[in-house]
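Here's the structure we're looking at; comments come further down.
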Amino acid sequence: MRKVKIGNKLVGDGCPVFIVAEVGINHNGDLEIAKKLIDVAVFSGCDAVKFQKRTPELCVPEEMKEVKRETPWGIMSYLEYRKKIEFWEEEYNEIDRYCKEKGIVWFASAWDIPSIEFLKKYKLLVYKVPSALITDRDYLLEFKKVDAPIILSTGMSDMDMIRRAINILGKERLVLLHTVSTYPAKPEEINLKVITTYKKEFDYPVGYSGHEVGLQITLAAVALGANMVERHITLDRSMWGTDQAASVEPVGLIRLVRDIRIIETALGDGVKKIYPREIEVMKRLRKNFDL
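What follows is the structure in structure tokens.
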């Protein structure tokens with residue numbers, strides 16, 4: 496399996512799991528909340544933080560634009576709401592500055608072609624294709640021009656869709672993320688063995704983006720060989736927002752990173768051997784050496 500370099504870190508078999516804290520839209524349009532979430536990611540030991548960039552006029556379906564929605568800021572149209580929680584150039588300039596100050600990689604999923612162009616100005620070390628756009632040919636052809644590694648999220652997709660997307664992207668520096676696009680995802684929907692399926696077919700690093708409640712399934716993904724892990728993070732799961740319930744709170748993120756590092760250490764190299772600390776135990780417990 497090839498390895499992909501993101502900043503000064505390699506992603507792939509034999510490398511530490513690359514851990515992404517997905518801020519997404521859990522900042523609710525508040526830059527100070529975004530900074531607190533960046534701080535949580537840094538303190539927990541994550542490798543990167545991720546955001547989502549949209550052009551609301553393009554991403555909101557026509558039939559939804561004028562639908563009224565109850566929000567913490569009052570009743571407004573769905574389009575107004577999407578604009579309210581979107582970050583623009585001023586906010587992303589500060590995110591870029593703040594992440595550099597804190598020494599953590601940041602990137603974003605681009606949800607439309609203008610958003611790809613917008614993100615290019617920051618010369619990100621990696622970009623992400625969201626699951627919703629894996630079948631959009633024009634979008635993928637535009638993404639193909641990005642001079643950086645690409646993470647391809649594969650929710651709502653079958654193997655043929657994934658193969659076609661990979662053929663269009665034609666990227667050497669690609670990471671595949673297994674995910675299920677339900678929020679929160681139920682255990683019976685998650686099908687972690689897809690990680691093994693991807694590793695057998697594709698010569699790319701494979702990761703897992705989790706939308707489930709709890710940490711167990713993400714940790715199991717690491718045990719199955721996930722090279723990258725991504726989880727949504729929040730300051731409080733009871734906060735307002737569509738992604739908060741499927742997110743990990745600060746204490747949970749600290750535990751998740753800690754346990755991932757323990758698991759990857761425990762996985763070892765697969766070579767069966769006698770460890771030096773076993774020798775004294777062997778001398779005490781083993782009576783015969785006939786074999």
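Converting from the sequence shown to my numbering requires adding 495 to each position, the first position being numbered 1.
Built from N, CA and C at the ideal position, the CB exists for glycine as well.
None of these values were measured; they are calculated from a predicted model.
Counting only the Cα atoms, residue 766 lies some 34 Å from residue 657. In the structure shown, the three-state DSSP call for residue 784 is coil.
DSSP assignment within the stretch 501-550 yields the following whole alpha helix (DSSP H) runs of 4 residues or more, N-terminal first: 526-539. Boundaries for residue 732: no alpha helix (DSSP H) harbours it, and the DSSP string shows neither H nor E there.
Counting along the chain, the unbroken alpha helix (DSSP H) around residue 578 starts and ends at 573-579. Within the model, the alpha-carbon separation for residue 742 versus residue 775 is close to 46 Å.
Judged by DSSP in its simplified three-state form, residue 725 adopts strand. CA-CA distance, residue 566 to residue 738, rounds to 14 Å.
Membership of residue 704 in any alpha helix (DSSP H) is not indicated; the residue belongs instead to the beta strand (DSSP E) covering 701-705. Beta-bridge analysis with DSSP links residue 646 to 623, 670. Sorting 578, 580, 579, 563 by C-alpha distance to the C-alpha of residue 572 places 563 at the top.
By the CB criterion at 7 Å, residue 714 and residue 754 fall inside the cutoff. DSSP places residue 602 inside the beta strand (DSSP E), whose first and last residues are 600-605.
DSSP places residue 565 in the uninterrupted beta strand (DSSP E) bounded by 563-566.
If you draw a 10 Å sphere on the C-beta of residue 509, you find fewer than 16 other C-beta atoms in it, and that means exposed. Taking residue 652 as the centre and dropping the five residues before and after it, the same chain places the C-beta of 629 closer than 6 Å to its C-beta, in chain order. Shortest Cα-Cα distance from residue 678 to any of 704, 667, 661, 529 involves 704. With respect to residue 533, residue 580 sits apart: the two C-beta atoms are not nearer than 7 Å.
Our two residues, residue 745 and residue 588, have alpha carbons roughly 25 Å apart in a direct line.
The C-alpha of residue 529 is placed about 37 Å away from the C-alpha of residue 696. For residue 557, no alpha helix (DSSP H) run applies, since DSSP gives it neither H nor E. Relative to residue 546, the option among 735, 516, 639, 760 whose CA is nearest is 516. Fewer than three Cβ pairs drawn from the stretch 609-620 and the stretch 686-695 lie within less than 8 Å of each other, which leaves the two stretches out of contact. In this structure residue 609 is in contact with residue 553, their Cβ atoms being roughly 7 Å apart against a cut-off of 8 Å. Distance from the CA atom of residue 711 to the CA atom of residue 779, rounded to whole angstroms, is 37 Å.
The shortest C-alpha to C-alpha distance from residue 503 to any of 522, 543, 638, 680 is the one to 543.
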